[in-house]
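Asks: Got a structure for you, written out below as structure tokens; questions coming shortly.
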Amino acid sequence: MRARAVVLDFGAQYAQLICRRIREAGVYAEIWPWDAARADWDGPDVKALVLSGGPGSVYEPGAPACDPEALAGRPVLGICYGMQWMAKAFGGRVERASSGEYGRAEVEVLQPSPLFKGVDGRFPAWMSHGDAVLAPPPGFQVLARSDDTPVAAIGDEARRWYGVQFHPEVSHTPSGSRLIRNFLYEIAGLRPEWTPAAFVEEAVGRIRETVGPGRAIAALSGGVDSMVAAALVARAIGDRLTCIFVDHGLLRLGEADEVRRLAREALGREPVVVEAGPRFLVALAGVRDPEEKRRRIGRLFAEVFEEAVARHPAEFLVQGTLYPDVVESGRGKADVIKTHHNVGGLPEGLRLRLVEPLRDLFKDEVRRVGRELGLPEAALSRQPFPGPGLAVRIVGEVTPERLRRLRQADAVVREEVEREAARGGLDRARLWQYFAVLTGAESVGVKGDHRAYGEALAVRVVESVDAMTADWLALPEGLLRRLAERLTREVPGVTRVVYDITSKPPGTIEWE
Ligand code: XMP
Numbered sequence: 000m001r002a003r004a005v006v007l008d009f010g011a012q013y014a015q016l017i018c019r020r021i022r023e024a025g026v027y028a029e030i031w032p033w034d035a036a037r038a039d040w041d042g043p044d045v046k047a048l049v050l051s052g053g054p055g056s057v058y059e060p061g062a063p064a065c066d067p068e069a070l071a072g073r074p075v076l077g078i079c080y081g082m083q084w085m086a087k088a089f090g091g092r093v094e095r096a097s098s099g100e101y102g103r104a105e106v107e108v109l110q111p112s113p114l115f116k117g118v119d120g121r122f123p124a125w126m127s128h129g130d131a132v133l134a135p136p137p138g139f140q141v142l143a144r145s146d147d148t149p150v151a152a153i154g155d156e157a158r159r160w161y162g163v164q165f166h167p168e169v170s171h172t173p174s175g176s177r178l179i180r181n182f183l184y185e186i187a188g189l190r191p192e193w194t195p196a197a198f199v200e201e202a203v204g205r206i207r208e209t210v211g212p213g214r215a216i217a218a219l220s221g222g223v224d225s226m227v228a229a230a231l232v233a234r235a236i237g238d239r240l241t242c243i244f245v246d247h248g249l250l251r252l253g254e255a256d257e258v259r260r261l262a263r264e265a266l267g268r269e270p271v272v273v274e275a276g277p278r279f280l281v282a283l284a285g286v287r288d289p290e291e292k293r294r295r296i297g298r299l300f301a302e303v304f305e306e307a308v309a310r311h312p313a314e315f316l317v318q319g320t321l322y323p324d325v326v327e328s329g330r331g332k333a334d335v336i337k338t339h340h341n342v343g344g345l346p347e348g349l350r351l352r353l354v355e356p357l358r359d360l361f362k363d364e365v366r367r368v369g370r371e372l373g374l375p376e377a378a379l380s381r382q383p384f385p386g387p388g389l390a391v392r393i394v395g396e397v398t399p400e401r402l403r404r405l406r407q408a409d410a411v412v413r414e415e416v417e418r419e420a421a422r423g424g425l426d427r428a429r430l431w432q433y434f435a436v437l438t439g440a441e442s443v444g445v446k447g448d449h450r451a452y453g454e455a456l457a458v459r460v461v462e463s464v465d466a467m468t469a470d471w472l473a474l475p476e477g478l479l480r481r482l483a484e485r486l487t488r489e490v491p492g493v494t495r496v497v498y499d500i501t502s503k504p505p506g507t508i509e510w511e
């Protein structure tokens, strides 16, 4: 079994970030809840333990605490709350600090230690705590301090247990990744062996074991995740994988052909394309409520997909579930803001077993695995596109005419934004999504000498790292002008163009 570091989540905002930092250092890491049962610790090969931060106070009744036995014989790094919990659990003193420390602090190293190898004697670090360790537990030394936090790092070299009050995982602590690597390599003796090539080899082996001589179906959405998942399964079981692509008619201009072409290039096979556009239009006729639209699309998608599966017998269904979904779903769901429909979701009536080869990966790792598999860059760098497609970008009823209008407008937005990026006017790396929205607002315009009554179109261009938060991009004036000109001139029915300057939160990326 693969060696791993475990991030024990004490309710931190940053548990996923810690996990990603460890993986960036080439070590496989998982997030476990703080109350992981004793049995969980027995099986897997947990070579290092990171105790995350958390919002609680260690001295409050019911504060998150882990089984102290879990630390025995393992290298440990406690971060913020994690360090405070460790200090208290093993005989140190933790109290509310007279003044907490929030934001940037200057940390001064007091003792040489493998944790600070190669790190400057003074370095900036990001703090966010109201409690503080006043005295470390027996066996620990104070390794670092800051102006407001006399105990900023502690260590017990013999047991290989360390704690830092600051957050090494955030970018505001520039030495943080070095420190995490020191913990993993110097203290825990791990090696950077978690590479895309190692992952592919392991995943392919596991898929072969699961599927055996069986057959599998993969639903392609055109997105990166379903394509990479299918590519892994194709490598594992070859022709016994059938790819299905449901064209629900809510796709962008030329998209069905592009997915077909990418599938041929990336997977070496032609997907089964189910043309279901007219059925979706019928299901959406007269519907204006966004949630109702999503529900109808989701239901019909499941139906159409089931029909297709019935024509291609298989025992397994490939899904592109990612690690953040796995972690989130283990936690009890947050409020439903939107009912997300993920193409390839398992329709309830289907008796297929799931194969989820990407369950352990973050999005950026999926891209790297895709590259390792030799997938074309065009398949890996596509912008995210919602499962319900253009329907959630048409405020109000989805009619064939409005769909045509949006499709044409969207093509203009994509073309202009991509052209601007190609000539260096926009940083491609910052472009997360760029698209058009039909706002449903009618607006008066003048075309030639005539009064024209048409619809207001919104342009949305956002940057984001994970779609959880997003910000709009300040577009160059020339691009804004070209967009307004082309959209009003070339797209019949559009009389006005507005630029959406709402961040997420409070907005969402899509309009519906
Ligand atoms: P919101 O609008 O919630 O979107 O800020 C966050 C990200 O998710 C995409 N999105 C969806 N993706 N099925 C999907 O697979 C959906 O139903 C769906 N709705 C929104 C959206 O494009 C953005 O990237």
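For the sequence shown, numbering that gives the first Met the number 0 gives the first residue as 0, with consecutive numbering after it. Beta carbons: idealized from backbone N, C-alpha and C, even for Gly.
1. Please list the terminal residues of the continuous beta strand (DSSP E) segment that includes GLU105.
2. Can you tell me the Cβ-Cβ gap for ALA124 and VAL106, rounded? I've got them flagged as a contact below 8 Å.
3. Output the distance between the C-alpha atoms of ASN181 and ALA282, rounded to the nearest integer angstrom.
4. Is the separation between the beta-carbon of VAL317 and that of VAL232 shorter than 7 Å?
5. Given this structure, state the Cα-to-Cα distance separating ALA28 from VAL6, to the nearest angstrom.
6. Would a C-beta distance cut-off of 7 Å place ALA215 and PHE315 closer than the cut-off?
7. For the alpha helix (DSSP H) holding GLY297, just list the boundary residues, first then last.
8. Can you look up ASP334 in the DSSP assignment and give me helix, strand or coil?
9. For TRP40, report the span of its alpha helix (DSSP H) as first-last.
10. Sort out for me which residues DSSP pairs TYR27 with in a bridge.
11. According to DSSP, is THR438 part of a helix, a strand, or is it coil?
12. Considering only residues of the same chain and omitting the five flanking positions on each side of GLU192, which have a CB-CB separation below 6 Å?
13. Determine the extent of the alpha helix (DSSP H) in which VAL49 is found, giving its start and end residues.
14. Taking only runs that begin and end inside the segment 422-496, name each unbroken beta strand (DSSP E) of 3 or more residues, in chain order.
15. So, with DSSP's three-state summary, where would you put VAL342?
16. What does the alpha-carbon distance come out to for the pair GLU489 and GLY386?
17. Could you give the first and the last residue of the continuous alpha helix (DSSP H) run that contains GLN140?
18. With a threshold of 6 Å (Cβ to nearest heavy atom), would VAL439 be considered close to the ligand XMP?
19. Could you check which residue in ARG366, VAL75, GLU302 has the C-alpha nearest to that of MET226?
20. Alpha carbons only, please: which of ALA265, GLU371, GLU419, VAL210 is nearest the one belonging to ALA196?
21. I need the boundaries of the alpha helix (DSSP H) containing LEU283, first residue and last residue.
22. Helix or strand or just coil, what does DSSP make of TYR184?
23. Measure how close the beta-carbons of ILE132 and ALA62 come, nearest whole angstrom, since I'm counting them as under 8 Å.
24. For ARG121 and TRP471, what's the separation of their Cα atoms in angstroms?
25. Please name the residue, chosen from VAL397, TYR184, SER56, ALA36, that lies closest to VAL26 on a Cα-to-Cα basis.
26. Quick one: is the Cβ of GLY99 within less than 6 Å of any heavy atom of the ligand XMP?
27. Could you spell out the range, first to last residue, of the beta strand (DSSP E) harbouring ASP363?
28. Can you grab the Cα-Cα spacing for the pair VAL497 / ASP359, in whole Å?
29. Using the three-state DSSP reduction, which class does THR501 fall into: helix, strand or coil?
30. How is GLY72 classed by DSSP in three states: helix, strand or coil?
Replies: Here's the rundown:
1. 92-108
2. 5 Å
3. 57 Å
4. yes
5. 7 Å
6. yes
7. 289-309
8. The predicted model places ASP334 with a pLDDT of 48, which falls under 50 and marks its position as unreliable; any figure quoted below should be read in that light. In the structure shown, ASP334 sits in coil (DSSP, three-state: anything other than H, G, I, E or B).
9. 37-41
10. TYR27 pairs with nothing; no bridge assigned.
11. strand
12. none
13. Note, VAL49: premise wrong, no alpha helix (DSSP H); beta strand (DSSP E) at 45-50.
14. 432-446, 449-462
15. In this predicted model, VAL342 has a pLDDT of only 45, less than 50, meaning its place in the structure is not dependable; the value taken from the coordinates is given anyway. Correct three-state label for VAL342: coil.
16. 27 Å
17. First-last for GLN140: 140-144, but that is the beta strand (DSSP E), not the alpha helix (DSSP H).
18. Strictly speaking, residue 439 in this sequence is Gly, with Val absent from that position. No.
19. ARG366
20. GLU371
21. 276-283
22. helix
23. Sequence inspection shows Val at residue 132; the Ile mentioned does not correspond to that position. No, VAL132 and ALA62 are not in contact; Cβ-Cβ is about 15 Å, not under 8 Å.
24. 36 Å
25. TYR184
26. no
27. Where ASP363 is concerned, there is no enclosing beta strand (DSSP E), although the alpha helix (DSSP H) it sits in stretches over 362-371.
28. 40 Å
29. coil
30. coil
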